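Reading through the structure tokens given below for one structure.
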Amino acid sequence: MCLGIPYRVVAIHDEENCLVQVGSGLRHCFTGLVEGIRVGDWLVVHAGFAVEKISGDDARKNIELIQSYIGGEEDGHVSS
Amino acid sequence: MDTFRPDLYRDPDLVAGLAAKIAGKAAQIGRKVKIMHICGTHEHEMGRHGLRGLLPENVEVLAGPGCPVCVCDQLYIDQAIALSQEPGVILASFGDMLAVPGGVPLEGERRGDVRMSLLDARARGGDVRAVYSVFDAVRIAHENPDKEVVFFSVGFETTVVAVAALLLRGAPAELSILEANYYTPPATRLLPSLPGFDIDAFLLPGHAAAVTGIRIYEHLPREHGIACAAAGFEPVDQLAGILAVLRQIAAGEPRLENAYPRVLAEDGNVKAQEKLFRVFELVPKRWRGIGVIPESGFDLLPEFDRWSARERFKGLLPEARREGEHPRGCRCAAVTLGQSKPSECPAFGAMCTPDDPYGPCMVSGEGTCRAWYLYGAGDGSLEVRA
Ligand code: SF4
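Put into structure tokens, the structure is as follows:
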């Protein structure tokens, strides 16, 4: 039911609907919960529904966080 | 150029770097550490990638109640089966639910306490259809204006939010929702109070938390001293989450950590939360194998009752729960709480397989027993007795 992999937007139908690619397949995706979707964006999709968009900035932060873990810094991304 | 590269999260150098750090932290801690995840996708991906094989002996990762199919109360399955037998009703369900046994014994079956599933209901003439999302159920309703289409809405907040958004836009009058909708945070509130609970850390579900945010889990470190990290699903993500909690344990500073910032905002998706709570209210729900947990499920608010299967089919839905939550001998209750390994169940790989499941944890791709059957314990050992 849930998949951990991101889907890539290949076409926008309207404000709330787009077409995403996963592997070699295409699927319809509802985007009413995520703003400003463009072709090429990566989405987290659950049961046909985009739950989040992965921005380039957040992706960079994520990799920096992983590298800081491996580099041994003890101050990761902490929320409380 | 892409700034997001999915392949990086399987990068062998990053995996090796994280595994080495995990080994170092585990040695520094010097005692057994138990980490529980509460997401079926974590279990599935952990098995598929053999991640347990990268962990030191004193670090154990256990599956908690993170599979919505496995915790779905058998009464809902019995209700879905009953509705599927009504003339003029099309029952639309996620494919993962079709083979899950409910509470009603399957007649003519000699293998033990075998229960009816939606597949058996279909074999008895019910119009049961597998769908990928609630939008497929809408399409079926448009194509069949003379029929009642019931969407069997099984899932956690990530799935329920789709139904909320749909109903806010307006849905066909022929569509109704059977609300087997569960909410993760109250289950994590209950777990530490269970007898014998000895979990040191939680790997929080990255996508459920993408909806709710992670602050809702603050009670875990604050009240129970449990280390917490929200993690994604790729090998690098899961190992990063494991390292994050080990670092907290080594430092004696349990807290909430976001090891999945490319998806997870700390306050979650506020727009999604707002839609969710405009359509649904939190109610007590029975989790299969656990019992009733207060405010742990979503039912439609009264103003959306016209789409509630509960209301529309009043009098037709079975209301009494059958004796015995799980088929006799099935240990899903213990497996769901991380108290038993699938391979400790006598039925595992013998009477219970993915092709012919006996208990609910063997059905869904997110079920712990199924993941162990397909991938072994995830540490390179395959414990299937075929
Ligand atoms: S193997 Fe798992 S699903 Fe099957 S009967 Fe045993 S505990 Fe239940």
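So the sequence lines, in the order shown, correspond to chains C and L. Throughout, my numbering is defined as the position within the first sequence, counted from one, plus 23. So in my numbering, spot 299 of the second sequence is number 292, and the numbers just go up one at a time. All C-beta atoms, glycine included, are put in the ideal place defined by N, C-alpha and C. Computed from a predicted structure; not experimentally measured.
Problem - Near-chain C residues of the stretch 115 to 145 of chain L (beta-carbon distance less than 8 angstroms), N- to C-terminal order - result: Within the stretch 115 to 145 of chain L, the residues whose Cβ lies closer than 8 angstroms to some Cβ of chain C are Y125, S126, V127, F128 and D129, listed in chain order.
Handout entry: Cβ neighbour criterion (16 or more within 10 Å) applied to M(-6)(L)
Key = Here residue -6(L) is taken as the residue at index 1 of the second sequence, counted from 1. Only weak support is given to the placement of M(-6)(L): the predicted model assigns it a pLDDT of 48, under 50, and the value that follows is read from those uncertain coordinates. Residue environment analysis places M(-6)(L) among the exposed positions, since fewer than 16 neighbouring C-beta atoms fall within 10 angstroms of its C-beta.
Practice task
At 7 angstroms on the CB atoms, spell out the chain L contacts of E75(C), in chain order.
Solution key: Residue numbering aside, residue 75(C) sits at position 52 when the first sequence is read from its first letter. Neighbours of E75(C) on chain L, chain order: A203, V256 and N262.
Practice task
Please name the residue, chosen from Y368(L), L99(L) and G290(L), that lies closest to R315(L) on a Cα-to-Cα basis.
Solution key: Within the second sequence, numbered from 1, the residue matching residue 315(L) stands at position 322. Ranking Y368(L), L99(L) and G290(L) by Cα distance to R315(L) puts L99(L) first.
Exercise for the section: Report the option in I93(C), G94(C) and I35(C) whose CA atom is closest to the CA atom of L54(C). Expected result: The count along the first sequence starts at 1 and reaches residue 54(C) at position 31. According to the sequence provided, residue 54(C) is Thr. The question's Leu does not apply to it. Per the Cα distances, I35(C).
Exercise for the section: Over the uninterrupted beta strand (DSSP E) stretch that includes S169(L), give me the two end residues. Expected result: What you label residue 169(L) is simply residue 176 of the second sequence in a count that begins at 1. Start and end: L168 to Y175.
Handout entry: Terminal residues of the beta strand (DSSP E) in which V82(L) lies
Key = Taking the second sequence and counting its residues from 1, one reaches residue 82(L) at position 89. Segment V82 to F87, the beta strand (DSSP E) holding V82(L).
Exercise for the section: Just grab the DSSP bridge partners of H69(C) for me. Expected result: Counting from one through the first sequence, the residue named residue 69(C) turns up at place 46. DSSP lists F72(C) as partners of H69(C).
Practice task
Just the chain C side, please: which residues come within less than 7 angstroms of K307(L) by C-beta, in chain order?
Solution key: Locating residue 307(L) in the second sequence gives position 314, counting from the first residue. K307(L) does not reach chain C, its nearest Cβ partner there being about 27 angstroms away, counting only Cβ pairs nearer than 7 angstroms.
Practice task
Look at the Cβ atom of G126(L), then the Cβ atom of A302(L), and state whether they are nearer than 8 angstroms.
Solution key: In the second sequence, counting from the first residue as 1, residue 126(L) sits at position 133. In the second sequence, counting from the first residue as 1, residue 302(L) sits at position 309. Correcting the residue type first, residue 126(L) is Ser in the shown sequence and not Gly. Cβ atoms of S126(L) and A302(L): not closer than 8 angstroms.
Exercise for the section: Answer yes or no: does any C-beta atom of chain L fall closer than 8 angstroms to that of R83(C)? Expected result: The residue you call residue 83(C) lines up with position 60 of the first sequence. Using a CB distance cut-off of 8 angstroms, R83(C) counts as an interface residue toward chain L.
Problem - Proximal residues of chain C, C-beta to C-beta of L236(L) below 7 angstroms - result: In the second sequence, the residue the question calls residue 236(L) occupies position 243. Y92, listed in chain order.
Exercise for the section: Answer yes or no: do V32(C) and V43(C) have a C-beta to C-beta separation smaller than 8 angstroms? Expected result: Translated into the one-based positions of the first sequence, residue 32(C) becomes position 9. Translated into the one-based positions of the first sequence, residue 43(C) becomes position 20. In this structure, V43(C) lies closer than 8 angstroms to V32(C) by Cβ.
Exercise for the section: Would you be able to state if there are at least three C-beta pairs under 8 angstroms between the stretch 269 to 276 of chain L and the stretch 115 to 135 of chain L? Expected result: The stretch 115 to 135 of chain L, when compared against the stretch 269 to 276 of chain L, does not touch it at the 8 angstroms Cβ threshold.
Exercise for the section: Give a single yes or no on whether Y351(L) has its beta carbon closer than 7 angstroms to a heavy atom of the ligand SAM. Expected result: As presented, the structure is devoid of the ligand SAM, carrying the ligand SF4 as its sole ligands.
Problem - Per-residue contacts from V276(L) into chain C (C-beta, under 9 angstroms) - result: Residue numbering aside, residue 276(L) sits at position 283 when the second sequence is read from its first letter. Per Cβ cutoff of 9 angstroms: no residues; V276(L) is ~21 angstroms from chain C at best.
Handout entry: Spatial distance of L159(L) from Y351(L) (CA atoms)
Key = For the purposes of this step, residue 159(L) is taken as the residue at position 166 of the second sequence. For the purposes of this step, residue 351(L) is taken as the residue at position 358 of the second sequence. For L159(L) and Y351(L), the distance between alpha carbons rounds to 34 angstroms.
Exercise for the section: Going by CA-CA distance only, name the one from V328(L), G290(L) and E304(L) that's closest to E296(L). Expected result: Reading the second sequence from its first residue, position 303 is the one you call residue 296(L). Comparing Cα positions, the closest option is E304(L).
Exercise for the section: Have a look at the DSSP bridge pairing and note the partners of I77(C). Expected result: Counted from its first residue, the first sequence places residue 77(C) at position 54. W65(C), per the DSSP bridge assignment.
Problem - Contact with chain L by G59(C), beta-carbon distance below 8 angstroms - result: Along the first sequence, one-based indexing puts residue 59(C) at 36. At a cut-off of 8 angstroms, the C-beta of G59(C) has no neighbouring C-beta in chain L.
Problem - Sufficient close CB pairs (3 or more, under 8 angstroms) joining the stretch 250 to 267 of chain L to the stretch 195 to 215 of chain L - result: Taking a cut-off of 8 angstroms on C-beta distances, the stretch 250 to 267 of chain L touches the stretch 195 to 215 of chain L, as three or more cross pairs fall below it.
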